[in-house]
Structures are given as structure tokens and as C-alpha cells.
Amino acid sequence: MFPHAHFMAAILGAIFGYKYGYINFYDILLTGILAVIIDFDHYLLFFLKYGILNPVTFLNKMAEISVTYSENDRSFIHRKIGMLIIFPIIGTVFLLSTRIGFILFVAYGTHMLLDHLHKFNKTFSGSKIVNIYGMKIAWDIREELLFVIMTGISIYMLL
Ligand SMILES: [Zn+2]
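Take 6 as the starting number for the sequence shown in the numbering used here and just add one per residue.
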């Protein structure tokens, strides 16, 4: 999934938390940013595996992965075993601070939901690799539609 889709899914989830008083208004943005940062583990893993820091090489590799759905290039926190460990930790944090627990739950939860939805959906995949100025981008019309819908609902809820 693309960063902007992760961002918007977390924003949408966070708006619910804001409406119910779990978090404050600025926490909505914080949740969105956190949901995007989760994907930095791919960059770290890529660097550890290939020793390459070049972000363009990395993004090209990411584009390939998002159309081949290779599990090998997912790090621990993106796998089911990671979720089995991280969700209980977030649950514990929630007991100590509902605000921080809620932010972490929405950022991580929406991120995993979208990533696994994307993987689950592979048999119907419409992801294509397009070349923009020598940089490969995996593009999927359904992800863009989802982004537009989530943005629309988020704006509606904040009005
Ligand atoms: Zn991810």
C-alpha cells in the first residue's frame, strides 16, 4: 500500500478517537504520520539485506514487491507473528494511557489492515508498474479510489 493510503486510513480511524474523546485534535495528524513511518522497516531491512542506501533503488524494489507480494521482504512487524506480539503490547499501553494506546492501535492496526487486505486481494490484482522518470511505481486504481473515499469521509466527519 502507498504511504498516502496508510496516512489517510489512520487519519480516518483517529478522527473516530477524537470524536469519542480518546485523543486531541493534533493527535489525528500524529497518528497519520506514525502509520506512514511503520513502513521504514522495509528500508531498514533492504539496507541490511543488500547494503544499499539509495532510495530510488529501494523504491524500485518496493514497486516490484507490491506486485509480487513477496513475504521475504516483509519484516517482523509486518507479519502475523509480529502482530501477535505487538497488539498485546499496545493493549498494555492502552491500560496505562488510553491516548497513547489509541494512537498506536490506530496507526499500527490500520497499517496492517491495509497491507494484508492488499496481499489478500492479489488474485484480483490490478497493480501495474509504471515508469516515471526512471523510477518504478506500483500503481493501483483501487488504492487511489480507496484513498479518495477515505479522504471524503474524513473531511465530512470533521465538518
Ligand atoms: Zn507496510
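Ideal placement from N, C-alpha and C gives every residue a C-beta, glycine not left out.
Counting C-beta pairs closer than 8 Å gives fewer than three between the stretch 131-144 and the stretch 31-46, which falls short of the contact rule. Spanning the alpha carbons of H9 and Y161 requires a straight line of approximately 18 Å.
Just so you know, the alpha carbons of L119 and M6 end up roughly 7 Å apart.
If only complete runs of 4 or more residues are kept, the stretch 80-140 shows the alpha helix (DSSP H) at 85-101, 103-125, in order along the chain.
Counting only beta-carbon distances shorter than 5 Å to the non-hydrogen atoms of ligand 1, the qualifying residues in chain order are D44, D120.
Counting only residues of its own chain and dropping the five nearest sequence neighbours on each side, H116 has a CB closer than 6 Å to the CB of H11, A40, I43.
A check of alpha carbon separations from F81 across D46, Y27, T156, R147 identifies D46 as the nearest. Within 10 angstroms of the beta-carbon of G22 lie 16 or more other beta-carbons, which makes it buried. Under the 10 Å beta carbon count, L101 is surrounded by fewer than 16 other beta carbons and is classified as exposed.
DSSP, read as helix, strand or coil, puts I142 in strand. Excluding the 5 residues flanking it on each side, G87 has same chain C-beta neighbours closer than 8 Å at S80, F81, in chain order.
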